[in-house]
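A.B. asks: One structure follows; several queries about it will come next.
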Amino acid sequence: MPQIKRKHIGLSLPPWMIIGTTVILLVIVVVMAVSNYNREKGYMADILLEKGAALIKAFEAGTRTGMMSMSWGGGQVQQLLEEIARQPDILYLAVTDAKGRILAHNDAARIEKSFSMAFEKAASRPARSAQWRLTTAPDGTPAFEVYRYFKPFSADECRMMQNSACCGPENHRGAWCAPGRYATNDQIIFIGFDRTHFIEARQEDLRNTAIISSILVMLGFAGFITMFVTQNYRATRRRLQDTSAVAEEVIANLPVGLLVMDYTGRVILENTAAASITGRPTMDIRGKPAARILPDTLIRLIDTLQTEAPVIEREVKCRFGDQEPVSLSVSAARIVNADGVFIGSLMILRDLTEIKDLQQAVQRQEKLAAIGGLAAGIAHEIRNPLSSVKGMATYFKNRFSDDPEAGEAASVMVSETDRLNRVISELLEFARPSEINARPTDINTVLAHAIRLIKADADEHHIRLRLITDDDLPPADIDGDRFIQCLLNLYLNGIQAMETGGELTVKSQPAKEGGVDIQVADTGPGISEKHLNQIFDPYFTTKSTGTGLGLAIVHKIVENHGGRISVKNDPGEGTVFTIRLPESRAKNSNEDQQ
1 MPQIKRKHIG
11 LSLPPWMIIG
21 TTVILLVIVV
31 VMAVSNYNRE
41 KGYMADILLE
51 KGAALIKAFE
61 AGTRTGMMSM
71 SWGGGQVQQL
81 LEEIARQPDI
91 LYLAVTDAKG
101 RILAHNDAAR
111 IEKSFSMAFE
121 KAASRPARSA
131 QWRLTTAPDG
141 TPAFEVYRYF
151 KPFSADECRM
161 MQNSACCGPE
171 NHRGAWCAPG
181 RYATNDQIIF
191 IGFDRTHFIE
201 ARQEDLRNTA
211 IISSILVMLG
221 FAGFITMFVT
231 QNYRATRRRL
241 QDTSAVAEEV
251 IANLPVGLLV
261 MDYTGRVILE
271 NTAAASITGR
281 PTMDIRGKPA
291 ARILPDTLIR
301 LIDTLQTEAP
311 VIEREVKCRF
321 GDQEPVSLSV
331 SAARIVNADG
341 VFIGSLMILR
351 DLTEIKDLQQ
361 AVQRQEKLAA
371 IGGLAAGIAH
381 EIRNPLSSVK
391 GMATYFKNRF
401 SDDPEAGEAA
411 SVMVSETDRL
421 NRVISELLEF
431 ARPSEINARP
441 TDINTVLAHA
451 IRLIKADADE
461 HHIRLRLITD
471 DDLPPADIDG
481 DRFIQCLLNL
491 YLNGIQAMET
501 GGELTVKSQP
511 AKEGGVDIQV
521 ADTGPGISEK
531 HLNQIFDPYF
541 TTKSTGTGLG
551 LAIVHKIVEN
561 HGGRISVKND
571 PGEGTVFTIR
581 LPESRAKNSN
591 EDQQ
């Protein structure tokens, strides 16, 4: 099953989502900062307002208690006021009349002076409950001011104290202790608190908000850049993967073998064709030293690259392991990087076996065509006179029957004429176009019939016959008579090769690539290596009595059946002829229709 590639969600988000998320987070942070600022401002106002109201009540209570004890004068009240104003974060504590004249102040030097801190605005809306406003102290310090009417005594309490020394005009600063002053609504008390700490705290919050916002902006920008880089990386990686996939498929399906070695001589890349040529599976090639895989001929070729130019189409013959020698076209070159440093070697191997076979087949066909045309003309011109010669030889044989010597000479002439006529008949048979009447046939039956025909000859030469057949052999389209002629030639050649006896084995089996394989093997001395390429040529023979047309006729019959014949030879061990025939067309047609 094909593997399903899953996309990573984190890497597939579009850039606008990153930017949008960052903007949303930034807005949230700003809104939360503003809300926090307003909340802290409200907390500050509530806390300082409550604290101011409490201090005002405390000051009123202290003033009332002291004044009612009949022992306090203006000095004690001033001292109480100054004592309260010494508490942390209190900038000033003052009592004014309705016109803004300071009646009491923690700074005694300011008494009788004008309370200039936007007095009119505050005095225009004083109330019995404490009010607040933001202002600035005389020294420039930011202040949170709490104020309300100052009434330490009720009207009844004030009438009771009309004759007290506290309220007489002779009292210290009697202007604010004058009789009846406490019962009126014309005195205002102000308490100013230092709000520097609150301002610093809010500024710290604003700085933190600015830092967080900056970080979010930077993260958003970084996310955008990262996403842009990531998408470019993914696109580049995808293109690289596609290019690698194309390169791998091209290399894997090349019809020629490809081997790449690194600078140490180890194989780092190979394709299927290279594995097929070397006769090793892919897993036994990659990572192995080339010297353990390739024959010495190719290793020497690689070594020459160090000092010589690249090798272009050099034909060599190599043996890989226990395989038969194979003809190869080899190209090799050095691999260097952009800096000119040697990083490996490249070798291309092309199997020339089929090309060589085709060349030989073409050459054989050309030779056979030339010989066939010549043979037809010669046979026609020779056969008629030959009949006359045989007739005259027979006449003289009968004419001189009383003379043994003359009769024997005449008999030799007749036999030689018959032999020459047989050669001419075979030559005509070879030169004449073959008409094949092929039909689906059980090959095993034909093999067995041909074995029976040569059994007498085999027994005469003390040769054992073995027939090995496969019951699952597919049928083939053959002309029974012509193919039996082909088999008889091979059987008789094998019998003649085993002069002192031996074993002739005939075997049939399904071919790996489809079709039928027929093997005819003898245990004779084998064929010399130098003669292997000539055994199918007309008139080539190593026998003193042969015509040299037997194997040529066999080759022609096999080719007319659409098959191939090959020979494998092991001098001293025997020879194996292998015929490969295609499957019956009738069977293939039935399978296609089904």
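Counting from 1, position 264 in the sequence shown corresponds to residue 264 in my numbering; the numbering is continuous, with no gaps.
Glycine included, each C-beta is placed from N, C-alpha and C at the ideal position.
(1) Contact check, methionine 498 vs glycine 524 under 8 Å by CB: the rounded distance?
(2) For threonine 575, which beta-bridge partners are listed by DSSP?
(3) Kindly indicate which three-state DSSP category arginine 286 falls into: helix, strand or coil?
(4) Between histidine 561 and aspartate 477, is the Cβ-Cβ spacing less than 9 Å?
(5) Could you check how far apart the C-beta atoms of glutamate 503 and isoleucine 463 are, in whole angstroms? I think they sit under 8 Å.
(6) Given a cut-off of 9 Å on the beta-carbon distance, is the pair threonine 578 and isoleucine 518 in contact?
(7) Between which two residues does the alpha helix (DSSP H) holding tyrosine 233 run?
(8) Is there contact between the segment 331-345 and the segment 260-280, where contact requires at least three CB pairs shorter than 8 Å?
(9) Nearest-angstrom Cα distance between glycine 174 and glycine 140?
(10) Run through DSSP, which three-state label would valine 412 get?
(11) Quick check on glutamate 366: does DSSP put it in helix, strand or coil?
(12) If the criterion is Cβ atoms closer than 9 Å, does the pair asparagine 533 and glutamine 323 meet it?
(13) Please go through the same chain and pick out, in chain order, the residues whose beta-carbon is closer than 7 Å to the beta-carbon of glycine 574, but skip the five residues on each side of it.
(14) According to DSSP, simplified to helix, strand and coil, what is serine 276?
(15) Which whole-angstrom value describes the C-beta separation of arginine 266 and glycine 287, a residue pair presumed to lie in contact below a C-beta threshold of 8 Å?
(16) Could you pull the start and end residues of the beta strand (DSSP E) that lysine 507 belongs to?
(17) Can you tell me whether aspartate 592 is helix, strand or coil according to DSSP?
(18) Looking only at its chain, what residues have a beta carbon closer than 7 Å to the beta carbon of leucine 55, apart from the 5 residues adjacent to it on each side?
(19) In terms of residues, what are the limits of the alpha helix (DSSP H) holding valine 558?
(20) Start and end of the alpha helix (DSSP H) containing glutamate 460?
(21) Where does lysine 390 sit, in a helix, a strand or coil, going by DSSP?
(22) Report, in whole angstroms, the separation of the C-beta atoms of leucine 26 and valine 217, which I expect to be a contact under 8 Å.
(23) For valine 412 and proline 538, what's the separation of their Cα atoms in angstroms?
(24) Quick check: valine 516 and arginine 466, are their CB atoms within less than 9 Å of each other?
(25) By a C-beta neighbour count over all protein chains shown, 10 Å radius and 16 as the cutoff for buried, is histidine 531 buried or exposed?
(26) Taking the alpha carbon of glutamine 79 as the reference point, which residue from Leu91, Pro88, Thr63 and Ile90 has its own alpha carbon closest?
(27) Given a cut-off of 9 Å, decide if alanine 332 and leucine 374 are closer than it, judged by their beta-carbon atoms.
(28) Helix, strand or coil for tyrosine 263, going by three-state DSSP, please let me know.
(29) With a threshold of 6 Å on Cβ separation, who are the neighbours of proline 310 within its own chain once the five nearest residues in sequence on each side are excluded?
(30) Buried or exposed: which applies to isoleucine 28, given that a residue is buried once 16 or more other Cβ atoms fall within 10 Å of its Cβ?
(31) Please report the residue range of the alpha helix (DSSP H) in which arginine 482 lies.
(32) Quick one: is alanine 247 buried, meaning 16 or more other Cβ sit within 10 Å of its Cβ, or exposed?
(33) Measuring CB to CB, does aspartate 339 end up less than 9 Å from glycine 257?
(34) Between which two residues does the alpha helix (DSSP H) holding leucine 328 run?
(35) Can you tell me whether aspartate 303 is helix, strand or coil according to DSSP?
(36) Quick check on DSSP: helix, strand or coil for arginine 64?
C.D. replies: The answer reads as follows:
(1) What you label residue 498 is simply residue 498 of the sequence shown in a count that begins at 1. What you label residue 524 is simply residue 524 of the sequence shown in a count that begins at 1. The Cβ separation is near 5 Å, so the contact holds.
(2) Walking along the sequence shown from the start, residue 575 turns up at place 575. In DSSP, threonine 575 forms a bridge with Asn569.
(3) In the sequence shown, the residue the question calls residue 286 occupies position 286. Residue state, collapsed to three classes: coil.
(4) Your numbering for residue 561 matches position 561 in the sequence shown. Your numbering for residue 477 matches position 477 in the sequence shown. For the 9 Å CB-CB criterion, histidine 561 and aspartate 477 form a contact.
(5) Residue 503 sits at position 503 when you count from the first residue of the sequence shown. Residue 463 sits at position 463 when you count from the first residue of the sequence shown. Indeed they touch by this definition, with Cβ atoms about 7 Å apart.
(6) In the sequence shown, the residue the question calls residue 578 occupies position 578. In the sequence shown, the residue the question calls residue 518 occupies position 518. Cβ atoms of threonine 578 and isoleucine 518: closer than 9 Å.
(7) For this step, residue 233 is matched to residue 233 along the sequence shown. Taken as a continuous stretch (DSSP letters only), the alpha helix (DSSP H) holding tyrosine 233 covers 196-252.
(8) Contact between the segment 331-345 and the segment 260-280 is established, with three or more Cβ pairs separated by less than 8 Å.
(9) Position 174 of the sequence shown, counted from the first residue, corresponds to residue 174. Position 140 of the sequence shown, counted from the first residue, corresponds to residue 140. Bear in mind that the predicted position of glycine 174 carries a pLDDT of just 39, short of 50, making it unreliable; the figure below should be weighed with that in mind. CA-CA distance, glycine 174 to glycine 140, rounds to 31 Å.
(10) Working through the sequence shown from its first residue, we reach residue 412 at position 412. Under the three-state reduction of DSSP output, valine 412 falls in the helix class.
(11) Here the question's residue 366 lines up with position 366 in the sequence shown. Residue state, collapsed to three classes: helix.
(12) Taking the sequence shown and counting its residues from 1, the one referred to as residue 533 is at position 533. Taking the sequence shown and counting its residues from 1, the one referred to as residue 323 is at position 323. Contact: no.
(13) Here residue 574 is taken as the residue at index 574 of the sequence shown, counted from 1. Around glycine 574: Ala521, Asp522, Thr523, Gly524 and Gly526.
(14) Start at 1 with the first residue of the sequence shown, and residue 276 comes out as number 276. In the three-state DSSP reduction, serine 276 falls in the helix class (H, G or I).
(15) For the purposes of this step, residue 266 is taken as the residue at position 266 of the sequence shown. For the purposes of this step, residue 287 is taken as the residue at position 287 of the sequence shown. With a Cβ gap of about 6 Å, arginine 266 and glycine 287 count as contacting.
(16) For this step, residue 507 is matched to residue 507 along the sequence shown. That run of the beta strand (DSSP E) goes 502-510.
(17) The sequence position of residue 592 within the sequence shown is 592, counting from 1. Its pLDDT being 45, under 50, aspartate 592 is placed unreliably in this model, and the value from its coordinates should be taken loosely. Three-state DSSP puts aspartate 592 in a helix.
(18) In the sequence shown, the residue the question calls residue 55 occupies position 55. So the list reads Ile84 and Ile191, once near-sequence residues are dropped.
(19) Residue mapping note: residue 558 aligns to position 558 of the sequence shown, counting from 1. If you look at valine 558, you'll find it in the alpha helix (DSSP H) that goes 550-560.
(20) In the sequence shown, counting from the first residue as 1, residue 460 sits at position 460. Note, glutamate 460: alpha helix (DSSP H), 455-460.
(21) For the purposes of this step, residue 390 is taken as the residue at position 390 of the sequence shown. In this structure, lysine 390 counts as helix in the three-state DSSP scheme.
(22) Numbered from its first residue, the sequence shown carries residue 26 at position 26. Numbered from its first residue, the sequence shown carries residue 217 at position 217. The Cβ separation is near 7 Å, so the contact holds.
(23) On the sequence shown, residue 412 is found 412 positions in, with the first residue counted as 1. On the sequence shown, residue 538 is found 538 positions in, with the first residue counted as 1. Approximately 26 Å between the Cα atoms of the pair.
(24) Residue mapping note: residue 516 aligns to position 516 of the sequence shown, counting from 1. Residue mapping note: residue 466 aligns to position 466 of the sequence shown, counting from 1. The Cβ atoms of valine 516 and arginine 466 do not sit closer than 9 Å to each other.
(25) The residue you call residue 531 lines up with position 531 of the sequence shown. When all chains shown are included, histidine 531 counts as exposed.
(26) In the sequence shown, residue 79 corresponds to position 79, counting from 1. Answer by Cα proximity: Thr63.
(27) Along the sequence shown, one-based indexing puts residue 374 at 374. Along the sequence shown, one-based indexing puts residue 332 at 332. Taking 9 Å as the Cβ cut-off, leucine 374 and alanine 332 do not qualify as a contacting pair.
(28) One-based indexing of the sequence shown puts residue 263 at position 263. DSSP places tyrosine 263 in coil when its eight states are reduced to three.
(29) For this step, residue 310 is matched to residue 310 along the sequence shown. Around proline 310: Ala333.
(30) What you label residue 28 is simply residue 28 of the sequence shown in a count that begins at 1. Counting Cβ neighbours within 10 Å, isoleucine 28 comes out exposed, since fewer than 16 surround it.
(31) Walking along the sequence shown from the start, residue 482 turns up at place 482. Counting along the chain, the alpha helix (DSSP H) containing arginine 482 begins and ends at 480-497.
(32) By one-based count along the sequence shown, residue 247 stands at place 247. Exposed, because fewer than 16 other Cβ atoms sit within 10 Å of the Cβ of alanine 247.
(33) Within the sequence shown, numbered from 1, the residue matching residue 339 stands at position 339. Within the sequence shown, numbered from 1, the residue matching residue 257 stands at position 257. Contact: no.
(34) Numbered from its first residue, the sequence shown carries residue 328 at position 328. Careful: leucine 328 lies outside any alpha helix (DSSP H), inside the beta strand (DSSP E) at 326-336.
(35) Working through the sequence shown from its first residue, we reach residue 303 at position 303. Note: aspartate 303 maps to helix in three-state DSSP.
(36) Within the sequence shown, residue 64 is the residue found at index 64, counting from 1. If DSSP states are grouped into helix, strand and coil, arginine 64 belongs with the helices.
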